[in-house]
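Novice: Residue numbers (this note's numbering): 114 to 778. Cβ atoms here follow ideal geometry from the backbone N, Cα and C, with glycine treated the same way. Before we start, here is the structure in question, set down as structure tokens.
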Amino acid sequence: MKHSWGKWTVLLAVLLIAAFVSLFFANRVQTANGDIVITEGYLSTEVGDLFYKLYTPAALKDGEKAPGVLLLHGYQNDHETNAAYAIELARRGAVVLSIDEYGHGKTVPGLVHRGYVNHMSKVNYGTDSEADGTFRSVGGSVRYRILMNFSNLSFFNERYVKDDAGNVLTDSSCGGTAAYKFLSGLPNVDSTKLGISGHSMGTWAGWSVAAAYSGTEIEPRATVLQCGELFSDDAYDSASIRFNNVLLLQAKWDEFSYFRDYRRIVDDALLHSPLRAAFLGTTAEEAAWNTTFGDFANGSARRMELLYTNHRLTTHNAQGLKVALDWFNDAFDGALTGPAFDDQICMAKEWLVLLAMLCTLAALIPLSELLLLIPFFKKLVQPLPGISGVKPAGKWWRAALITILIAGATYPFMTQLGHALLPLPEGIFRMTVGNGFIGWYLLLILVMVVTSIIGWRSAKKKGTLEGFYGMGLGTAQKPNRIGWSLLLRACVFVLCLLSAMYLVVFAAEQFFRLDLRFIWPFFKTFTLPRFGQFFVYIPVFALFFLLNNSKIMASMRTKAAYKKGFSGFMGAWWRNALLMVGGVLLIVLIEYVPFFLGIGPGADLLFGSTFGGPFMSLLILFAPQVLVFSVLCTYFYRRTGSVYAGALLVASLAAWIVTGGSSML
């Protein structure tokens with residue numbers, strides 16, 4: 114007993130120390146070893162409080178003024194996604210404000226405060242028409258109309274901004290105009306040297322902020338669009354609005370059709386289109402990538418930088434960041450100082466925080482072993498069902514193939530349906546991307562219930578029925594009954610693990626002003642409304658992962674599940690991982706292989722652009738996440754002999770990721 118306590122205590126301590134050491138050095142990176150002062154707070158607006166993170170060069174003395182840059186994140190992001198730009202700009206003397214836009218992170222107003230109208234454009238704004246069907250009415254749920262209006266901007270003319278039903282697109286800056294005014298009024302900010310940079314949804318917000326302050330004493334000197342949409346002069350009153358010195362960072366493999374002008378690929382044909390040439394202020398023949406047109410002095414400078422990356426990774430692309438720094442410097446008359454623009458440290462922060470997150474997740478295993486030494490939790494452990502229930506290799510592979518195909522075939526359709534049109538009560542189910550996963554999970558739950566009933570009846574006829582025990586849901590003593598006592602103990606067990614992890618995340622935010630992520634938000638502390646949303650989504654997530662683990666870990670267990678040690682774990686894990694992530698990896702191949710071959714994104718080609726975008730670009734985050742989940746599920750099934758602990762833990766982690774900081778109505 115003493116040996117077990119000691120071994121697992123030491124491992125737990127080592128992992129937690131590694132996590133906090135990583136966070137310490139990540140904080141040193143984001144503060145440039147003390148050269149940047151970071152403060153956080155809330156900005157009060159008419160619709161509610163906006164959360165912000167402010168980066169101020171420590172060398173600024175009282176009375177000195179520096180350029181100011183506002184950073185606006187994309188859909189499903191938060192202020193921390195802008196960290197690369199914030200760190201590198203502040204290292205070079207700029208005061209940088211990064212906010213949580215409406216419906217994201219810790220900001221109070223929901224995405225609904227952006228507003229919406231009952232019509233949309235299917236092409237770039239200003240190039241649409243009712244005659245050809247590219248300007249059309251849209252109905253359905255509020256969240257659907259909001260999503261369909263993302264590229265519709267509140268400074269456009271009334272044709273786009275109002276509808277006959279009285280709906281109004283109120284603030285497509287998503288709080289950016291208020292944040293920009295706050296930044297311009299800071300005592301250490303030079304209001305004649307202000308800039309904006311936004312990514313994805315933040316580019317539309319950036320256009321909106323620039324339009325709001327055009328012609329004023331604090332109009333932006335430069336706007337950097339990280340994957341932005343262009344529109345023609347017909348979309349707005351160009352006589353009264355001026356955009357100074359605009360840089361467009363174009364991702365070569367952008368999954369979102371509106372950021373490649375609704376074309377299949379980004380190539381020279383896109384470059385030479387009338388819309389792009391007009392943006393550059395040149396002829397179609399003279400248009401060129403990576404070339405500056407116009408003049409910074411009069412605000413006419415334009416450039417399109419082609420980056421060999423995808424949509425989500427544009428935020429941390431080193432070349433894009435270098436060009437953006439150079440762009441702001443030229444617009445600010447050389448006011449940026451310090452390191453060369455290709456001397457960048459921001460990715461070190463991301464890797465260190467990733468290490469901290471992985472160490473924290475790994476620490477759940479020794480912590481669980483310590484909990485399992487307690488008599489109450491020790492009763493969670495039981496032997497695995499008999500090896501006679503293992504499927505022959507041929508049957509296992511047939512079942513595995515069916516599982517992968519069902520998951521892959523339903524992902525594009527059901528996530529998109531849930532995202533926008535699934536009839537969920539919107540006052541209750543407020544997480545937009547969470548609704549997408551709910552749509553997919555509900556269908557897979559139905560499939561798993563039906564196939565489980567069929568399998569139960571078949572096994573009963575053959576006399577091979579293992580009952581709920583064989584499904585990982587019962588006990589060895591009462592194999593034909595659901596193990597309610599196991600479920601109860603597992604709930605308390607998982608609550609202990611989650612509480613410990615939440616304390617780490619809380620400490621990370623309080624002491625280091627960081628959360629656990631890698632470029633994209635993963636684990637954040639909850640605001641009260643988001644904590645409530647966790648309890649809204651967890652029932653569906655828990656049911657899905659319980660059935661999913663029952664199918665994969667228990668009903669489809671292999672001989673490797675019975676082998677001891679690391680080799681036994683790996684033998685069971687790779688099979689479980691294949692089943693859990695195989696469908697998603699299939700869609701990854703379908704989406705990106707033709708894209709990289711220069712044909713176009715697979716989802717757009719096979720299903721239409723409606724099924725591209727958010728849930729396709731999420732694949733690069735979702736697949737690694739599920740692989741980590743498969744490690745935890747495999748470990749806990751082998752350790753406890755039931756699926757309860759592993760399934761409830763990963764269901765809670767998944768619900769936490771979805772509700773902790775992503776888009777909220």
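Identify whether G206 lies in helix, strand or coil by the three-state DSSP scheme.
Specialist: In this structure, G206 counts as coil in the three-state DSSP scheme.
Novice: With DSSP collapsed to three states, give me the class of A764.
Specialist: In this structure, A764 counts as helix in the three-state DSSP scheme.
Novice: Would you call T450 buried or exposed, if buried means 16 or more other Cβ atoms sit within 10 Å of its Cβ?
Specialist: By the 10 Å Cβ count, T450 comes out exposed.
Novice: Please name the residue in Y168, L468, H424 and R416 whose C-alpha comes closest to that of A444.
Specialist: That would be R416, whose Cα lies nearest to the Cα of A444.
Novice: Taking just the CA atoms, how far does V617 sit from Q623?
Specialist: About 10 Å.
Novice: Please list the terminal residues of the continuous alpha helix (DSSP H) segment that includes W687.
Specialist: Note, W687: alpha helix (DSSP H), G678 to F709.
Novice: At what residue ranges does the stretch 601-680 contain a whole run of the beta strand (DSSP E), taking only runs of 3 or more?
Specialist: List check, beta strand (DSSP E) in window: 629-631 and 633-636.
Novice: How about the stretch 185-201 and the stretch 249-256: do they share at least three Cβ pairs that are nearer than 8 Å?
Specialist: With a cut-off of 8 Å, the stretch 249-256 and the stretch 185-201 do not count as touching, because too few Cβ pairs lie within range.
Novice: Do the stretch 688-698 and the stretch 656-676 touch if we need at least three Cβ pairs shorter than 8 Å?
Specialist: They touch, by the three-pair rule.
Novice: Does DSSP put E243 in a helix, a strand or coil?
Specialist: E243 falls in the coil class under three-state DSSP.
Novice: Compute the distance between the beta-carbons of G311 and Q339, then report whether it is under 8 Å.
Specialist: For G311 and Q339, yes; Cβs fall inside 8 Å.
Novice: Could you give the C-beta distance for S413 and G394, rounded to a whole number, given that I count them as a contact under 8 Å?
Specialist: Contact holds; Cβ gap of about 6 Å.
Novice: Tell me the DSSP secondary structure of M114 in three-state form.
Specialist: In this prediction, M114 scores a pLDDT of 46, lower than 50, which makes its location untrustworthy; the coordinate-derived value is nonetheless stated afterwards. Note: M114 maps to coil in three-state DSSP.
Novice: Compare the Cα-Cα distances from A603 to each of S755, I558 and L260 and report the closest residue.
Specialist: Checking every option, the nearest Cα to that of A603 belongs to S755.
Novice: Taking 7 Å as the limit between beta carbons, can you name the residues of its chain near N231, skipping five residues before and five after?
Specialist: For N231, where only same-chain residues beyond five positions count, the Cβ hits under 7 Å are S250, V251, G252, R258, D276, A278 and N280.
Novice: Going by alpha carbons, who is nearest to E704 out of D191, G726, D374 and N403?
Specialist: The candidate whose alpha carbon is nearest that of E704 is G726.
Novice: Could you tell me if M683 is buried or exposed, where buried requires 16 or more neighbouring beta carbons within 10 angstroms of its beta carbon?
Specialist: Burial call: exposed.
Novice: Spatial neighbours of F344 within its chain, please: CB distance less than 6 Å, with the 5 preceding and 5 following residues excluded, ordered by chain position.
Specialist: Taken in chain order, the residues that qualify are N237, Y238 and G239.
Novice: Can you tell me whether V494 is buried or exposed, with buried defined as 16 or more other CB within 10 angstroms of its CB?
Specialist: Burial call: exposed.
Novice: To the nearest angstrom, how far is it from the Cα of T640 to the Cα of G773?
Specialist: Their Cα atoms are separated by approximately 8 Å.
Novice: How far does the alpha helix (DSSP H) with G435 in it reach, from first residue to last?
Specialist: Reading off the sequence, residue 435 comes out as Lys, not Gly. Taken as a continuous stretch (DSSP letters only), the alpha helix (DSSP H) holding K435 covers A431 to A444.
Novice: With a threshold of 16 other CB atoms inside 10 Å of the CB of N357, please say whether the residue is buried or exposed.
Specialist: It counts as buried.
Novice: Using alpha carbons as the reference points, say which of D374, Y615 and L586 lies closest to S722.
Specialist: Here the closest residue by C-alpha is D374.
Novice: Is G696 buried or exposed, if buried means 16 or more other CB atoms sit within 10 Å of its CB?
Specialist: Buried is the call here.
Novice: From A410 to G328, what does the alpha carbon distance come to, in whole angstroms?
Specialist: Cα to Cα, the separation comes out at about 15 Å.
Novice: Can you list the alpha helix (DSSP H) stretches of 4 or more residues lying completely in the stretch 264-293, in chain order?
Specialist: Taking only runs of at least 4 residues, the alpha helix (DSSP H) segments lying wholly in the stretch 264-293 are 271-274.
Novice: Given 7 Å as the limit, tell me if R205 has its C-beta closer than that to any heavy atom belonging to the ligand PLP.
Specialist: The ligand PLP is absent from the structure shown, which contains no ligands of any kind.
Novice: Here's the rule: buried if 16 or more other CB atoms are within 10 angstroms of the residue's CB, otherwise exposed. What is L486?
Specialist: Per the 10 Å Cβ criterion, exposed.
Novice: Tell me, which residues are paired with K162 by DSSP?
Specialist: Note on residue identity: the sequence assigns Asp, not Lys, to residue 162. S157, per the DSSP bridge assignment.
Novice: Can you tell me which of S565, I733, F625 and T747 puts its alpha carbon nearest to the alpha carbon of L426?
Specialist: Nearest option by C-alpha distance: I733.
Novice: Please classify D245: is it buried, with 16 or more other beta-carbons within 10 angstroms of its beta-carbon, or exposed?
Specialist: Exposed: under 16 other Cβ atoms inside 10 Å.
Novice: Per DSSP, which one or two residues make a beta bridge with M417?
Specialist: L361, per the DSSP bridge assignment.
Novice: Should K677 go down as buried or exposed, given a rule of 16 or more other Cβ atoms within 10 Å for buried?
Specialist: The residue in question, K677, is exposed, as its Cβ has fewer than 16 Cβ neighbours within 10 Å.
Novice: Quick one: give me the first and last residue of the alpha helix (DSSP H) that Q590 is part of.
Specialist: That residue, Q590, is in no alpha helix (DSSP H); it is neither H nor E in DSSP.
Novice: Can you tell me whether F195 is helix, strand or coil according to DSSP?
Specialist: The residue asked about is misnamed: residue 195 is Asn in this sequence, not Phe. In this structure, N195 counts as helix in the three-state DSSP scheme.
Novice: So, do the stretch 589-607 and the stretch 149-156 have three or more beta carbon pairs nearer to each other than 8 Å?
Specialist: Short answer: they don't touch.
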